[in-house]
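Visitor: Numbering (the numbering used here), first residue to last: 10 to 384.
Cβ atoms here follow ideal geometry from the backbone N, Cα and C, with glycine treated the same way.
As the structure is a computational prediction, the values presented were derived from the model and not from experiment.
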Ligand SMILES: Cc1ncc(COP(=O)(O)O)c(C=O)c1O
């Protein structure tokens with residue numbers, strides 16, 4: 010009845026669990042910061058509405074915002090100009106559009122495993138095949154160079170990378186970043202880097218793929234996390250002009266243009282004080298510690314301590330699938346995300362967000378402990 014490209018396509022395990030959860034559940038599933046946007050950003054949104062900024066924006070994004078982005082990235086992307094930028098309806102749309110632009114029928118795209126839920130369906134919707142590369146938990150979710158190189162074939166078109174990572178909370182270290190950049194360059198494939206959580210690192214600076222001087226680089230970021238505006242749907246892609254232009258064109262056919270008032274708010278966020286983001290980072294770091302301590306107290310949970318993003322990804326000692334365990338937890342009133350939603354390597358893990366309230370984290374981990382004792 011429907012086109013084969015949507016056979017088996019579903020919303021991620023994440024959304025399904027959210028929808029099944031009751032109102033009074035403890036939510037350790039949600040992937041967004043705990044605060045509302047900063048006051049000056051909310052004011053800029055309201056002001057835009059009042060000033061009549063309610064019409065279509067240019068598909069590429071407002072020129073003022075793209076100029077502000079060039080200022081913001083000048084040090085990291087020397088010579089960046091407006092033509093390198095596509096403002097998108099969330100980075101989700103930018104990532105999707107990039108796959109549509111780059112991937113042909115039969116092409117392969119290397120995606121991290123465990124990795125964020127969008128990369129594989131986006132590859133498939135573009136006619137390609139997603140080939141997972143392992144980020145083994147025993148190596149702290151860093152890249153296994155041999156396995157990565159073995160996954161490359163003559164059909165490989167792109168490598169997707171994500172750091173700080175969803176679902177592992179891990180930041181790729183300098184060595185992993187170098188390996189990925191070198192492998193992409195040596196094999197002349199695109200490197201698509203999703204750095205949505207770059208504002209949230211807790212142990213050392215973010216190591217970006219921007220600073221590697223790659224020619225075939227697509228960089229995807231978002232206002233969602235750094236400025237706590239997930240619901241306003243605004244992100245951006247930085248790319249060589251030809252790729253940025255194609256992303257804008259595909260964007261036009263998907264959503265016509267990014268939200269106008271949200272762009273005015275984003276401009277205020279980007280050019281205003283960063284103390285709100287600093288506060289979020291500080292509070293998230295405290296919650297991260299609460300999460301690490303709570304998980305450490307549970308015998309059946311093992312954690313590679315997250316160093317970034319807003320997630321902990323413990324494995325558990327029980328012979329039950331992560332989906333079954335998550336369903337049991339849902340019935341016991343706790344929402345977590347089964348590790349299997351993030352690839353084969355994610356099986357045997359649960360994803361918990363530490364953006365949740367500290368008391369909810371403690372309580373939720375207690376429920377997980379009881380469930381594991383019962384298995
Ligand atoms: C790693 C990662 N990339 C991209 C996104 C998409 O963010 P948005 O579409 O809100 O910009 C998310 C959202 O959870 C994410 O976790």
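Are residue 125 and residue 344 closer than 8 Å when you measure CB to CB?
Guide: Translated into the one-based positions of the chain shown, residue 125 becomes position 116. Translated into the one-based positions of the chain shown, residue 344 becomes position 335. Their beta carbons are not under 8 Å apart, which means residue 125 does not touch residue 344 by this criterion.
Visitor: When DSSP labels each residue in this structure, what does residue 258 get in the three-state scheme?
Guide: One-based indexing of the chain shown puts residue 258 at position 249. In this structure, residue 258 counts as helix in the three-state DSSP scheme.
Visitor: Less than 7 Å between the CB of residue 311 and some heavy atom of ligand 1, yes or no?
Guide: In the chain shown, residue 311 corresponds to position 302, counting from 1. No, ligand 1 has no heavy atom inside 7 Å of this Cβ.
Visitor: With a threshold of 7 Å (Cβ to nearest heavy atom), would residue 203 be considered close to ligand 1?
Guide: Against the chain shown, residue 203 aligns to sequence position 194. Correct: residue 203 has its Cβ closer than 7 Å to ligand 1.
Visitor: What residues are listed by DSSP as bridge partners for residue 199?
Guide: Here the question's residue 199 lines up with position 190 in the chain shown. The partner list for residue 199 (beta bridge, DSSP) reads 167.
Visitor: Exposed or buried, residue 275, counting other C-beta atoms within 10 Å across all chains shown (16 or more means buried)?
Guide: For this step, residue 275 is matched to residue 266 along the chain shown. When all chains shown are included, residue 275 counts as buried.
Visitor: For the 8 Å Cβ check, are there 3 or more pairs between the region 144 to 161 and the region 173 to 187?
Guide: Verdict: yes, contact present.
Visitor: Restricting to Cα atoms, I'd like to know which of 237, 116 and 341 is closest to residue 168.
Guide: Position 159 of the chain shown, counted from the start, is the residue given in the question as residue 168. Of the candidates 237, 116 and 341, the one whose C-alpha sits nearest the C-alpha of residue 168 is 116.
Visitor: For ligand 1, is there any heavy atom lying closer than 7 Å to the beta carbon of residue 239?
Guide: In the chain shown, the residue the question calls residue 239 occupies position 230. Correct: residue 239 has its Cβ closer than 7 Å to ligand 1.
Visitor: Along the beta strand (DSSP E) that carries residue 120, what are the first and last residues, could you check?
Guide: Position 111 of the chain shown holds residue 120. 117 to 122 is the extent of the beta strand (DSSP E) around residue 120.
Visitor: For residue 129 and residue 139, what's the separation of their Cα atoms in angstroms?
Guide: The residue labelled residue 129 in the question sits at position 120 within the chain shown. The residue labelled residue 139 in the question sits at position 130 within the chain shown. Those two C-alpha atoms are separated by around 5 Å.
Visitor: Within 10 Å of its beta-carbon, does residue 17 have 16 or more other beta-carbons around it, so buried, or fewer, so exposed?
Guide: Reading the chain shown from its first residue, position 8 is the one you call residue 17. Classification for residue 17: exposed.
Visitor: Going by beta-carbon coordinates alone, are residue 293 and residue 229 separated by less than 8 Å?
Guide: Locating residue 293 in the chain shown gives position 284, counting from the first residue. Locating residue 229 in the chain shown gives position 220, counting from the first residue. The answer is no: Cβ separation not under 8 Å.
Visitor: Who are the Cβ neighbours of residue 378 in its own chain at under 6 Å, not counting the five residues just before and after it?
Guide: Start at 1 with the first residue of the chain shown, and residue 378 comes out as number 369. Closer than 6 Å at the Cβ level, and outside the excluded window around residue 378, lie 307.
Visitor: Tell me where the beta strand (DSSP E) around residue 139 begins and ends.
Guide: Here residue 139 refers to the residue found at position 130 when the chain shown is read from its first residue. That run of the beta strand (DSSP E) goes 138 to 143.
Visitor: What first and last residue would you give for the beta strand (DSSP E) that runs through residue 228?
Guide: Indexing the chain shown from 1 puts residue 228 at position 219. Note, residue 228: beta strand (DSSP E), 226 to 231.
Visitor: Do residue 321 and residue 371 have their C-beta atoms within less than 8 Å of each other?
Guide: Counted from its first residue, the chain shown places residue 321 at position 312. Counted from its first residue, the chain shown places residue 371 at position 362. The answer is no: Cβ separation not under 8 Å.
Visitor: Rounded to whole angstroms, what's the CA-CA distance from residue 315 to residue 144? Just pull it up for me.
Guide: The residue you call residue 315 lines up with position 306 of the chain shown. The residue you call residue 144 lines up with position 135 of the chain shown. Whole-angstrom Cα-Cα distance: 14 Å.
Visitor: Just to check, is the beta-carbon of residue 171 closer than 7 Å to a non-hydrogen atom of ligand 1?
Guide: In the chain shown, the residue the question calls residue 171 occupies position 162. Yes - ligand 1 has a heavy atom lying nearer than 7 Å to the Cβ of residue 171.
Visitor: What does residue 360 pair with, by DSSP beta-bridge criteria?
Guide: For the purposes of this step, residue 360 is taken as residue 351 along the chain shown, with counting starting at 1. Paired residue(s): 346.
Visitor: Where does residue 55 land, buried or exposed, given buried means 16+ other C-beta within 10 angstroms?
Guide: Sequence index remark: in the chain shown, residue 55 carries index 46 (1-based). Residue 55 should be labelled exposed.
Visitor: Between which two residues does the alpha helix (DSSP H) containing residue 54 stretch?
Guide: What you label residue 54 is simply residue 45 of the chain shown in a count that begins at 1. Segment 48 to 59, the alpha helix (DSSP H) holding residue 54.
Visitor: Determine the DSSP secondary structure at residue 247, reduced to helix, strand or coil.
Guide: By 1-based counting over the chain shown, the position of residue 247 is 238. Strand, per DSSP.
Visitor: Compute the Euclidean distance between the alpha carbons of residue 147 and residue 323, then round it to the nearest angstrom.
Guide: Here residue 147 corresponds to residue number 138 of the chain shown, with the count starting at 1. Here residue 323 corresponds to residue number 314 of the chain shown, with the count starting at 1. Using only the alpha carbons, I get a separation of about 12 Å.
Visitor: Quick one: what does DSSP say residue 317 is sitting in, helix, strand or coil?
Guide: As a working note, residue 317 is residue 308 in the chain shown. Strand, per DSSP.
Visitor: State the Cα-Cα distance for the pair residue 8 and residue 216, rounded to the nearest angstrom.
Guide: In this structure the chain extends from 10 to 384, so residue 8 is not present and cannot be described.
Visitor: Using a 10 Å radius around the Cβ and a threshold of 16 neighbouring Cβ atoms, would you call residue 64 buried or exposed?
Guide: As a working mapping, residue 64 is identified with position 55 in the chain shown. That one is exposed.
Visitor: Should residue 101 be listed as close to ligand 1, given that the test is whether its C-beta is under 7 Å from any heavy atom?
Guide: As a position in the chain shown, residue 101 is number 92, starting the count at 1. Yes, ligand 1 has a heavy atom inside 7 Å of this Cβ.
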